[in-house]
Amino acid sequence: MSFDTVIHDGLIATTEGVTTGDIGITDGRITAMAEKLPGGTRRIDAGGRVVMPGGIETHAHIAQESSSGVMTADDYLSGSISAAFGGNSSFIPFAAQQRGESVDDVLKTYHARGARSVIDYSYHLIISDPTQKVLAEELPRAFARGITSFKVFMTYDLMNIGDGGMLDILTVARKHGAITMVHAENNEMVKWMNRQLADRGLTAPRYHAISRPELAEQEAINRAVQLAKLADATLFVVHVSTEGGADIIRREQFNGAKLFAETCPQYLSLTRDDLDRPGMEGAKYICSPPLRDAATQDALWHHIRMGTFVGVHSDHAPYRADETGKFVNGFDVPYPKLANGMPGIALRLPWLFSEGVVAGRITLEQFVGLSSTNTAKVFGCTTKGRLAPGMDADIAIWDPETRYTVTLADQHDNMDYTPLDGHDLTGRPETVLTRGAVVVDKGTLVAREGQGQFFGRAPVDLRARPGAMVKEFDPAQNFGAELRG
Ligand SMILES: [Zn+2]
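For the sequence shown, the positions run 1 to 485 when UniProt numbering is used.
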């Protein structure tokens, strides 16, 4: 057998274990894995390196306008380059519908934006306006094109679709095998807290964290899960930031709900104290849900080890600390007028590797699962997220031992700050391939703009998560028959 590329003598890491060997690549796919493979037009020496599936970043805001119209600093070129330097071979950013927009038009817009990507990409749809046309025609059409995940918001006045809207989306998603993602925070609790703080003149960045209580997340997660159970639909809770929220998810998973969740590095690495930095520095650390505390970090790590979270994703929401981003409404404005979100797509995996694997909190096998394999299954990336013959040659080669300090200068995004500035990390990706094409070669970008391809996705894999029909819909319980179908 002849290979285009052979990755030679690497420590091959999968969710199953670690072995030493070679990987042969032909026409963009893995075609052989063995202890020794001869040949290869190109041979990549991976001696002393860890070879793993390329990361799949499934929570990133790229070339996306916020509901108030602020454009992210990263487009699909800078965002994908940044992702690749962070060990990712593909990503699934959001394609966001604003109120009044047609989903068909949204996808047309994002297809044009995505065309610049250097790594493979897909989208989750954000739905803020679930009209009859969206529910009956446009979501099924998007699903048929391989866009099998729809995100909804329970917070923000311009995004929140209400419990009824959520039930409608969940029902359409269930019918087609799609997964509904949810940003779960109780909108009224947050608005009430905002009024309490405003009445007292408490408007500095630090009050952002106070304004979005842990209870607001816990209440909304619980409500979202009950709504999904009523619709017998699959739910994915994004960016879980509280111990109470994670505990609810764990319990409901144990009870058989079709329920998945993620957390993000910022909730494990930073705390609300970072919002207390002098002047408006704290604005850089504003994200929603907000940063919490050290005790929460310990609890979230525990849930990572227990499998409550299928992935740790960045929630990359790059708004520069200038008038194009954070300070679009002015520099000295109350916290509700500051743009929400922080960058993190390049450091998600290096940070998780260092603080997780190197620090002994998780195993390398768990790391592989959290970075690609688990979410590939949940989001239907059938040719990605695993190293096996027949799979796409989406591969990251890591130097597991190099030590370095994070600096803004080493980043490849369009941002003017990095929240992890000054953190000391161990281990980072050196070489990243997408479908066999080298994107980053020993720390140097070699990709061509637009070499990434859109990939459609399959329905969520629900083996071992059968869900359960609630009594009111169960034909075996007298009153169920009328409601079926
Ligand atoms: Zn997000």
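Note that CB positions come from ideal geometry on N, CA and C, so glycine has one too.
Because the structure is a prediction, the values reported are computed rather than measured.
>> Cutting at 6 Å between CB atoms, please list the residues of its own chain near N414, excluding the five before and the five after it.
In response: A73, D74, S78
>> Classify R206: buried if its beta carbon has 16 or more other beta carbons within 10 angstroms, exposed otherwise.
In response: buried
>> According to DSSP, simplified to helix, strand and coil, what is M306?
In response: helix
> In its own chain, which residues sit with a C-beta less than 7 Å from the C-beta of F94, not counting the 5 before and 5 after it?
Replying inline: H61, Q64, Y123, H124, I126, K151
> From what residue to what residue does the beta strand (DSSP E) around F94 run?
Replying inline: 94-96
>> Are the CB atoms of I23 and V50 within a distance shorter than 9 Å?
In response: no
> Between the C-alpha atoms of R272 and F455, what's the straight-line distance to the nearest angstrom?
Replying inline: 38 Å
>> With a threshold of 6 Å on Cβ separation, who are the neighbours of residue 486 within its own chain once the five nearest residues in sequence on each side are excluded?
In response: What is shown of the chain runs 1 to 485, which leaves residue 486 out entirely.
> What do you reckon, are the CB atoms on P343 and Y417 nearer than 9 Å?
Replying inline: yes
>> Taking 8 Å as the cut-off, does the region 130-143 touch the region 196-211 (at least 3 CB pairs, one atom from each stretch)?
In response: no
> For V406, is the beta carbon positioned less than 8 Å from some heavy atom of ligand 1?
Replying inline: no
>> From the DSSP secondary-structure annotation, give me the bridge partner or partners of W398.
In response: V50, P429
> Since L425 contacts S354 with CB under 8 Å, what's their CB separation in whole angstroms?
Replying inline: 4 Å
>> The alpha helix (DSSP H) that contains H176, what's its start and end?
In response: 162-176
> Under the rule that 16 or more other beta-carbon atoms within 10 Å means buried, what is Q477, buried or exposed?
Replying inline: exposed
>> Just list the residues that DSSP pairs E262 with in beta bridges.
In response: G311
> Roughly how many whole angstroms lie between the Cα atoms of S2 and L433?
Replying inline: 19 Å
> Cα separation between R348 and V312?
Replying inline: 8 Å
> What's the gap between the Cα of T5 and the Cα of I25?
Replying inline: 5 Å
> Helix, strand or coil for E185 per DSSP?
Replying inline: coil
>> On the CB-based measure, 16 or more other CB atoms within 10 Å of its CB, does F91 come out buried or exposed?
In response: buried
> So what's A144 in DSSP terms, helix, strand or just coil?
Replying inline: helix
> Would you call the region 361-374 and the region 13-23 in contact, with 3 or more CB pairs under 8 Å?
Replying inline: yes
>> Helix, strand or coil for I210? Go by DSSP, reduced to three states.
In response: helix
> Under the rule that 16 or more other beta-carbon atoms within 10 Å means buried, what is G114, buried or exposed?
Replying inline: buried
> DSSP state of I249, grouped into three classes?
Replying inline: helix
> Taking Cβ to Cβ, would you say S102 is nearer than 9 Å to E138?
Replying inline: yes
>> Just to confirm, is the Cβ distance from I30 to A388 under 9 Å?
In response: yes
> If H303 and F309 are in contact, beta carbons under 8 Å, what's the gap, nearest whole angstrom?
Replying inline: 6 Å
>> Short of 6 Å in beta carbon distance, which residues of its chain neighbour T296, apart from the five on each side in sequence? Order them along the chain.
In response: E243
> How close, in whole Å, do the beta carbons of I7 and I395 come, if the pair is a contact with beta carbons under 8 Å?
Replying inline: 7 Å
>> In whole angstroms, give me the CA-to-CA distance for G164 and A359.
In response: 45 Å
> Which residues mark the beginning and the end of the beta strand (DSSP E) in which D22 is found?
Replying inline: 18-26
> CA-CA distance, E323 and A204?
Replying inline: 18 Å
>> Just to confirm the assignment: which complete beta strand (DSSP E) runs, minimum length 3, are found wholly within the region 58-92?
In response: 88-91
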